[in-house]
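There are 2 protein chains.
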Amino acid sequence: MILTVTLNTALDITYRVRALTPHASHRVTEMAERPGGKGLNVARVLAALGHEVTVTGFTGGATGRALREQLAHTPGVVDALVPVGGATRRTIAVVDETTGDTTQLNEPGPTVTPAEWAAFQEAYGELLRSASAVALCGSLPPGVPVGAYAGLVRAARAQAVPVLLDTSGEPLRRGVAARPDIVKPNAEELAELTGSHEPWQATRDARRRGANTVVASLGAEGLLAVNAEGHWRATPPHRVRGNPTGAGDSVVAGLLSGLVDQLPWPRRLARAVALSAATVLSPVAGEFDRRTYEELLDRVAVTGDATAA
Amino acid sequence: MILTVTLNTALDITYRVRALTPHASHRVTEMAERPGGKGLNVARVLAALGHEVTVTGFTGGATGRALREQLAHTPGVVDALVPVGGATRRTIAVVDETTGDTTQLNEPGPTVTPAEWAAFQEAYGELLRSASAVALCGSLPPGVPVGAYAGLVRAARAQAVPVLLDTSGEPLRRGVAARPDIVKPNAEELAELTGSHEPWQATRDARRRGANTVVASLGAEGLLAVNAEGHWRATPPHRVRGNPTGAGDSVVAGLLSGLVDQLPWPRRLARAVALSAATVLSPVAGEFDRRTYEELLDRVAVTGDATAA
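Chains A and B supply the protein sequences, listed in that same order. Numbering-wise (UniProt numbering), the first sequence opens with residue 1 and increments by one. Numbering-wise (UniProt numbering), the second sequence opens with residue 1 and increments by one.
Pasting the structure below:
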């Protein structure tokens with residue numbers, strides 16, 4: 001199975017209101033609620049592609065129970081979340097029907113105790129035994145040490161499980177130094193990590209910091225990838241308009257799917273770009289438009305060289 | 001015991017953010033979560049005054065479970081809520097730390113089925129047998145007939161249980177016609193019911209529509225009351241600044257508390273005004289500042305005549 005780790009899971013709530021006006025009272029006209037956090041989105045996309053997926057991370061409180069109930073109704077996703085005393089955070093996206101704009105309210109998440117962090121690491125070590133690949137996704141909840149991902153990367157490498165890291169800031173900086181197989185920063189995370197705003201330059205810089213492969217996601221412009229085997233650019237055939245939330249998570253799902261299917265890098269990148277574009281067409285993170293995905297798969301342009309970058 | 005009915009219970013969530021900006025992403029710096037809906041606020045105030053209180057109404061889903069868990073930790077309040085298939089609504093109050101303004105997002109609540117409404121009416125009839133008074137509070141959830149409160153008023157009167165109605169719009173109009181012992185409209189509800197913006201005039205008009213006693217809550221200006229025994233005005237000794245949310249619910253609690261304690265009307269009104277002002281000083285609906293309450297109790301000015309109005 002593929003393992004995805006979401007240390008800061010969330011109950012993602014979407015509200016539609018006629019028009020959001022500060023200081024006014026609003027009647028919510030439509031609402032939706034879904035298990036959230038990057039690793040859970042990645043898992044839902046992987047399961048929809050037919051992979052066996054197990055999710056772990058932390059969950060707690062009434063919001064955590066609601067999340068797990070909904071996860072139990074997600075075919076193909078096995079719940080191996082670790083309980084914590086605090087409550088899983090909610091994220092609220094308020095969609096203004098008049099402007100189409102979204103206003104986001106994010107709870108900070110529960111504070112994880114040292115004992116809970118130790119329990120997670122033990123559970124993670126066990127899960128790695130049957131994992132063909134692992135993705136470490138998203139922000140760290142309060143209480144988890146900033147070097148957490150570096151430790152989780154090392155544990156995966158010690159068991160020879162390919163590991164992908166998708167986070168930002170200091171957790172990314174420390175995690176990269178532990179030599180993950182793949183990191184997938186977006187343009188902003190890449191610039192923050194390397195100080196460079198030139199994408200090829202920054203992608204190569206990031207690789208020198210320790211990652212075996214760096215895949216930079218550049219939104220509508222597709223992906224850049226650099227590793228010891230070569231360097232590639234993968235671009236969608238046309239710009240897709242829609243909701244970009246979850247597009248990066250679908251890139252991660254595409255890369256992992258291509259990895260366990262042992263595809264060559266150009267085909268992995270094509271899968272990731274097609275999935276990402278098909279996710280933009282879906283109103284919800286963690287879901288994608290299958291027809292668009294299949295249609296785009298052969299139309300993603302991958303250019304580059306299978307030589308050392 | 002005193003029975004309070006909240007057909008549209010809520011999980012009340014308060015978020016503090018640095019500044020609310022539409023279309024931006026916000027980190028919630030502080031959050032609180034409480035059982036909500038007018039009747040639950042009334043019940044918490046009554047319990048804090050030392051009364052035995054039972055709450056009923058509808059509850060369901062993960063949010064309903066969270067609400068009941070929190071209710072179980074509220075001393076003196078007995079949970080007799082009736083389960084529904086849908087989920088209890090959330091209300092979200094977003095407090096802007098920079099301006100102090102509050103922006104409100106209210107979910108509509110679950111749709112109640114005819115079978116659930118029938119189950120509630122049966123449970124309500126049973127609960128009335130041991131009730132010394134009942135308060136019917138707040139809006140109706142989708143699916144409950146607009147004449148619901150009229151039926152609940154009649155059922156209470158048939159069992160000779162004094163009944164107070166606190167709602168608005170068409171449910172208030174129909175409920176008043178069923179001759180409740182007390183209605184407690186605010187200025188806006190009173191004007192909507194009677195078409196008059198002159199408070200004494202409107203209070204008398206409302207009484208002619210069927211209520212035995214009309215207590216109009218006029219915010220910082222206190223209360224007007226009219227019944228067969230007389231008419232009174234009760235005003236706090238000074239204006240209190242704070243959070244007016246829940247002030248009306250504390251008026252209801254004060255009136256019911258005075259009723260079961262068999263206080264004469266002027267003292268019931270003084271209790272209601274003092275509780276209401278002490279609630280404005282508390283950051284949260286359903287709670288009040290006890291020292292302010294006790295200090296104000298003898299300082300509320302009640303003027304009027306114990307003769308027919």
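A virtual CB, placed ideally from N, CA and C, is assigned to each residue, including glycine.
- By the neighbour-count definition (other C-beta atoms within 10 Å, threshold 16), residue 135 of chain A is a buried residue.
- Taking CB atoms only, residue 72 of chain B has no neighbour in chain A less than 8 Å away.
- At a cut-off of 8 Å, the C-beta of residue 34 of chain B has no neighbouring C-beta in chain A.
- DSSP places residue 115 of chain B in the uninterrupted alpha helix (DSSP H) bounded by 114–128.
- Nearest in C-alpha terms to residue 283 of chain B, of all of B:226, B:270, B:244, is B:244.
- Around the C-beta of residue 289 of chain A, 16 or more other C-beta atoms lie within 10 Å, and the residue is accordingly described as buried.
- Rounded to whole angstroms, residue 85 of chain B and residue 68 of chain B show a C-alpha spacing of 15 Å.
- Of all C-beta pairs linking the stretch 34–49 of chain A to the stretch 2–21 of chain A, three or more are shorter than 8 Å, placing the two stretches in contact.
- Taking a C-beta cut-off of 9 Å against chain B, none of the residues of the stretch 219–238 of chain A qualify.
- Between residue 149 of chain A and residue 175 of chain A, the CB-CB gap stays under 8 Å.
- The Cβ of residue 20 of chain B sits closer than 8 Å to at least one Cβ of chain A.
- Within the stretch 103–115 of chain A, contact with chain B at the beta-carbon level (separation under 9 Å) is assigned to 103, 104, 105, 106, 107, 108.
- Within the stretch 25–57 of chain A, contact with chain B at the beta-carbon level (separation under 7 Å) is assigned to 25, 26, 27, 28, 31.
- Contact between the stretch 73–85 of chain B and the stretch 42–62 of chain B is present: 3 or more CB-CB pairs across the two stretches fall below 8 Å.
- With respect to residue 280 of chain B, residue 234 of chain B sits apart: the two C-beta atoms are not nearer than 8 Å.
- For residue 60 of chain A, the closest C-alpha among the options A:54, A:71, A:88, A:72 is that of A:88.
- Per DSSP, residue 158 of chain A is one residue of the alpha helix (DSSP H) stretching across 148–158.
- For residue 30 of chain A and residue 231 of chain B, the gap between their C-alpha atoms comes out near 46 Å.
- Taking every protein chain shown into account, the CB of residue 146 of chain B has fewer than 16 other CB atoms within 10 angstroms, so this residue is exposed.
- Taking C-beta atoms as the reference points, residue 190 of chain A and residue 225 of chain A fail to come closer than 8 Å.
- Rounded to whole angstroms, the separation of the alpha carbons of residue 271 of chain A and residue 297 of chain A is 6 Å.
- The contact set of residue 15 of chain B on chain A, defined by CB atoms closer than 9 Å, consists of 92, 105, 107 in chain order.
- The C-beta separation of residue 193 of chain B from residue 172 of chain B comes to about 6 Å, placing the pair in contact by the 8 Å criterion.
- DSSP, read as helix, strand or coil, puts residue 41 of chain B in helix.
- Membership of residue 272 of chain B in the alpha helix (DSSP H) is indicated by the continuous run 265–280.
- By the Cβ rule, the stretch 117–132 of chain B does not count as touching the stretch 89–97 of chain B, because fewer than three pairs are nearer than 8 Å.
- The criterion of a C-beta distance shorter than 8 Å is satisfied by residue 199 of chain B and residue 187 of chain B.
- Residue 113 of chain A and residue 185 of chain B have their C-alpha atoms spaced approximately 49 Å apart.
- Closest by C-alpha distance to residue 286 of chain A, out of A:295, A:275, A:161, A:28, is A:275.
- Under a 10 Å Cβ-count criterion, residue 98 of chain A is classified as exposed, with fewer than 16 other Cβ atoms of the shown protein chains found around its own Cβ.
- Looking at A:90, A:50, A:127, the one whose alpha-carbon comes closest to that of residue 56 of chain A is A:127.
- When the beta-carbon positions are compared, residue 227 of chain A and residue 27 of chain B stay at least 8 Å from each other.
- Across the structure, residue 17 of chain B and residue 64 of chain A are spaced so that their CA atoms are roughly 23 Å apart.
- Annotation for residue 201 of chain B: no beta strand (DSSP E) segment contains it, though the alpha helix (DSSP H) segment containing it runs 199–208.
- The criterion of a C-beta distance shorter than 8 Å is not satisfied by residue 268 of chain A and residue 248 of chain A.
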